[in-house]
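Enquirer: Once you know that position 101 of the sequence shown is 100 in numbering that gives the first Met the number 0, the rest is easy, because the numbers rise by one and skip nothing.
For glycine and all other residues, C-beta sits at the position ideal for the given N, C-alpha and C.
Input: one structure, supplied below.
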Amino acid sequence: MKILREMQSEDIDSVLSVIDSQDEDDAEEAESGYREIGGTLDQYVIEQDGKVIGVTGFSAQPGCDDTYWLSWTYVHDDYANKGLGRKMLTELIELIKEKGGRKLFVKVSDYVDDEDGSIYAAALHLYQSLGFKIEITHKNYYDEGEAQIILGLRLKDKTDVIAPAEDCPVTFNSVFEITETEDAYSFGWHDEGEQAFTEEDVKIGLDQVRQDEGRVVFLSFPSTFTGIKDTLLSAGFSNSGILDDYYEDGVHEQHFTYYLRPLHESMTN
Ligand SMILES: CC(C)(COP(=O)(O)OP(=O)(O)OC[C@H]1O[C@@H](n2cnc3c(N)ncnc32)[C@H](O)[C@@H]1OP(=O)(O)O)[C@@H](O)C(=O)NCCC(=O)NCCS
């Protein structure tokens with residue numbers, strides 16, 4: 000029996016209570032997303048006795064070939080650990096497959112609460128038991144000592160393609176703090192410029208982040224863009240991993256990290 004029903008704007012308050020039962024900060028963050036136009040599109044709820052007790056959903060990644068991200072996925076604390084999360088996600092994955100989904104990604108934090116312990120451990124366990132594989136662990140992402148773990152799940156067999164390298168003239172156009180993080184930054188970029196960014200351009204961006212008292216910079220680019228990797232590595236960035244077949248089969252997303260401040264000793268191990 001199917002358990003998911005499409006979320007409506009009238010469900011927003013109940014959904015926020017579900018999220019709030021597990022994590023107050025996430026409820027605040029989720030609210031702005033749901034209240035925007037189209038914010039409940041492709042979002043689903045589960046009910047028990049007429050009461051919303053769980054939420055999940057997905058969003059398509061623009062510019063990618065059938066790549067999806069899992070949205071806020073929560074079961075009310077009073078109903079957790081009864082198998083509802085697994086049922087909800089199994090049904091959702093089938094829905095994404097029906098839409099032609101090729102790859103599904105999800106982000107999880109490894110935050111450990113002083114009182115409640117590892118609050119995302121159940122989610123991590125559940126995703127892995129459904130076939131998701133950890134593709135990148137960004138240490139110190141949300142804050143010092145709190146990593147972001149990105150897991151990916153293939154929904155279709157991989158096609159055998161060799162993506163050609165592109166001489167893409169990527170230029171930076173902004174510096175911004177990444178949402179949900181403490182002082183982690185990224186650069187906006189577009190690929191319609193006249194020439195590729197230089198080490199000097201990277202340093203201008205890093206200086207701006209330093210002025211804003213940023214802690215760390217995370218950047219990512221398609222694996223087929225040539226030249227980018229060498230420029231970033233010589234500017235001091237390190238490779239932080241790859242999301243496999245992110246854009247399309249054979250075109251991955253390469254991730255890079257640059258720390259502006261030394262980490263506290265306990266965070267470096
Ligand atoms: C993740 C979540 C949606 C799962 O919903 P649920 O209804 O509790 O899920 P289920 O009961 O189907 O499954 C929970 C699984 O986690 C396991 N689990 C529970 N606590 C755990 C822990 N501390 N460490 C590891 N595994 C744990 C359970 O044993 C079960 O696994 P099993 O089916 O192999 O026995 C729910 O726990 C939740 O809302 N968590 C907080 C929010 C969250 O982490 N969301 C995802 C953020 S991206």
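Which residues in the same chain as residue 1 place their Cβ atom closer than 7 Å to its Cβ, once the five residues preceding and following it in sequence are excluded?
Expert: Once the five neighbours on either side are set aside, the close Cβ partners of residue 1 are 90.
Enquirer: Just to confirm the assignment, what range does the alpha helix (DSSP H) spanning residue 120 have?
Expert: Segment 120-128, the alpha helix (DSSP H) holding residue 120.
Enquirer: Tell me, to the nearest whole angstrom, how far the beta carbon of residue 125 is from that of residue 88; I am working on the premise that it is less than 8 Å.
Expert: Rounded, the Cβ-Cβ distance is 7 Å, consistent with contact.
Enquirer: For residue 238, list the residues DSSP reports as bridge partners.
Expert: DSSP output for residue 238 lists 255 as bridge partner(s).
Enquirer: Assuming residue 205 and residue 257 are in contact, meaning their beta carbons sit under 8 Å apart, how far apart are those beta carbons, in whole angstroms?
Expert: Contact holds; Cβ gap of about 7 Å.
Enquirer: Could you check the C-alpha separation between residue 152 and residue 247 for me, to the nearest Å?
Expert: Distance between the alpha carbons of residue 152 and residue 247: 14 Å.
Enquirer: Hey, how far is the Cα of residue 233 from the Cα of residue 188?
Expert: Their Cα atoms are separated by approximately 19 Å.
Enquirer: Say yes only if the C-beta of residue 95 is nearer than 7 Å to one or more non-hydrogen atoms of ligand 1, and no if none qualify.
Expert: No, the beta carbon of residue 95 sits no closer than 7 Å to any heavy atom of ligand 1.
Enquirer: Can you check which of these residues, 73, 81, 149 and 155, is closest to residue 118 by C-alpha distance?
Expert: Of the candidates 73, 81, 149 and 155, the one whose C-alpha sits nearest the C-alpha of residue 118 is 73.
Enquirer: Using 8 Å as the cut-off, can you tell me whether the stretch 222-232 makes contact with the stretch 30-50, which would need three or more C-beta pairs spanning the two stretches below that distance?
Expert: No, the stretch 222-232 is not in contact with the stretch 30-50.
Enquirer: DSSP three-state label for residue 98, please.
Expert: Residue 98: coil per DSSP, three-state reduction.
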